[in-house]
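Comments concern the structure below.
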Amino acid sequence: MESKNKKKTLLVPWDFSEVAKNALHHAIKVSKILNADITLLHIGKEDDNTVVRMNESVSECLQLKNININWLIREGSIFSTIKETAEELGAIFVVMGTHGMTGVQKLLGSKALKVIAESNVPFIVVQKPPTDVPFKNIVMPVDFTKESKEKLRWADFFARHFNIKMFLFVPSITDNTLLKKTKANLIFAKNYLDERKISYEIVASKTKGKFSDQTIAYAEEISADLIMIMTTKNIGIADYIFAADEQAIIANKPGIPVMCINPRLDIGKFGGFF
Numbered sequence: 008m009e010s011k012n013k014k015k016t017l018l019v020p021w022d023f024s025e026v027a028k029n030a031l032h033h034a035i036k037v038s039k040i041l042n043a044d045i046t047l048l049h050i051g052k053e054d055d056n057t058v059v060r061m062n063e064s065v066s067e068c069l070q071l072k073n074i075n076i077n078w079l080i081r082e083g084s085i086f087s088t089i090k091e092t093a094e095e096l097g098a099i100f101v102v103m104g105t106h107g108m109t110g111v112q113k114l115l116g117s118k119a120l121k122v123i124a125e126s127n128v129p130f131i132v133v134q135k136p137p138t139d140v141p142f143k144n145i146v147m148p149v150d151f152t153k154e155s156k157e158k159l160r161w162a163d164f165f166a167r168h169f170n171i172k173m174f175l176f177v178p179s180i181t182d183n184t185l186l187k188k189t190k191a192n193l194i195f196a197k198n199y200l201d202e203r204k205i206s207y208e209i210v211a212s213k214t215k216g217k218f219s220d221q222t223i224a225y226a227e228e229i230s231a232d233l234i235m236i237m238t239t240k241n242i243g244i245a246d247y248i249f250a251a252d253e254q255a256i257i258a259n260k261p262g263i264p265v266m267c268i269n270p271r272l273d274i275g276k277f278g279g280f281f
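Numbered per the numbering used here, the sequence shown spans residues 8 to 281.
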């Protein structure tokens with residue numbers, strides 16, 4: 008059942024589970040502010056029973072006012088179909104539910120990770136029901152990679168729709184070359200946020216160890232609503248598409264939502280957004 012409405016949409020992979028419902032409730036809160044539709048995507052055969060269940064799922068949600076929910080049933084690989092549908096619909100992002108590390112291991116095996124990393128559409132992975140305020144405190148790790156700048160485009164997007172504060176979290180670095188690159192990215196981020204009058208705070212990690220653990224601990228400390236991370240591109244076939252740090256952040260024990268943003272090929276032409 009496809010909508011002819013030209014409004015932007017949020018895509019929610021839908022398997023009738025509790026974690027899918029969590030993702031839907033996140034999408035509902037965000038869609039109201041973004042004035043966007045929601046599309047539920049079920050992967051499987053379109054039989055009468057599934058159609059009835061999809062309609063029932065939408066009916067439950069339509070008890071809430073001012074929400075337009077569409078649904079699709081598509082056959083195919085779960086992961087490639089999510090990616091293809093998100094790009095076909097021009098979704099703002101995919102809101103996907105999972106169960107902590109166990110869910111991430113099932114969901115984010117090498118094939119699924121590859122789909123997320125190769126998708127042009129960002130994924131927001133959630134574990135728990137949403138809070139009253141969708142996005143307020145956002146933690147953005149700042150590292151030495153040039154792709155790290157892509158997160159700023161989304162900081163700008165969120166700032167235009169939500170009353171947010173960005174927390175630029177910087178790792179403890181001893182390597183001089185990496186330190187220079189990280190400082191350059193930090194200066195770029197400061198200038199970018201200052202120009203757009205986006206509230207932010209720079210926080211330097213005070214401890215050593217895994218940067219992912221430090222990031223999660225800090226995000227929990229400030230009751231962050233979202234952690235923004237970049238996906239890893241062009242690594243060995245024997246590796247996961249997400250580095251260990253990224254997997255750990257996605258599956259963080261506090262259950263903080265994580266936005267997975269993919270590096271753009273035109274990052275050198277860094278400019279406007281949407």
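The C-beta atom is built at its ideal place from N, Cα and C for all residues, glycine as well.
Spatial neighbours of residue i in its chain, beta-carbon cut-off 7 Å, leaving aside the 5 residues before and after
i	result
S155	V149, N192, M237
S230	N144
L185	F151
8 Å Cβ shell around residue i - same chain, five flanking residues per side excluded
i	result
I76	D44, I45, T46, L47, V65, C68, L69
P141	H33, K36, V37, I40, F169, D232
V210	F174, L175, F176, V177, Y225
N29	G104, V133, Q134, K135, P136, P137
I213	For the sequence presented, residue 213 should be read as Lys rather than Ile. Excluding sequence neighbours, K213 sits near S179.
A171	Note that residue 171 is Ile in the sequence shown here, rather than Ala. Closer than 8 Å at Cβ, skipping near neighbours: F142, K143, N144, I145, A162, F165, I205, S206.
W21	A27, L31, L47, L48, H49, M61, S64, W78
P270	E154, E157, M237, T238, K240
V58	I80
Cβ neighbours of residue i in the same chain (closer than 6 Å, five flanking residues each side left out)
i	result
N198	none
A93	L18, V101, V128
S219	D252, A255, I256
E227	P261
L200	Y207
D139	none
D246	Residue placement at D246 cannot be trusted, given a pLDDT of 42 that sits under 50; the coordinates are not used to answer.
I85	I50
M147	K158, M173, L175, M235
Assigned exposure category for residue i - 16 Cβ within 10 Å defines buried
i	result
K187	exposed
F23	exposed
I194	exposed
E157	buried
V26	buried
Supposed contact pair residue j and residue i - C-beta distance, whole angstroms, cut 8 Å
i	j	result
P129	I257	The pair is not a contact, with the Cβ atoms about 13 Å apart (cut-off 8 Å).
W161	M235	6 Å
M266	I131	5 Å
L96	T16	5 Å
I74	G51	At roughly 24 Å, the Cβ-Cβ gap does not stay under 8 Å, so I74 and G51 are not in contact.
A124	L159	So it is not a contact: roughly 19 Å between Cβ atoms.
N56	K14	Actually they are not in contact, since the Cβ atoms of N56 and K14 sit about 30 Å apart, beyond 8 Å.
Near the ligand NAD: residue i beta-carbon under 7 Å from a heavy atom
i	result
A124	The ligand NAD is not part of the structure shown, which contains no ligands of any sort.
Quick check: the stretch 126 to 138 against the stretch 169 to 187, are there 3 or more CB pairs under 8 Å? no
Sufficient close CB pairs (3 or more, under 8 Å) joining the stretch 220 to 227 to the stretch 260 to 267: yes
Report the start-end ranges of each alpha helix (DSSP H) in the stretch 155 to 211 that is 4 residues or longer and not cut off at the edges. Counting whole runs of 4 or more residues, the stretch 155 to 211 contains the alpha helix (DSSP H) stretches 157 to 166, 183 to 202.
List in chain order: all unbroken beta strand (DSSP E) runs of 3+ residues lying wholly within the stretch 83 to 110. 101 to 104
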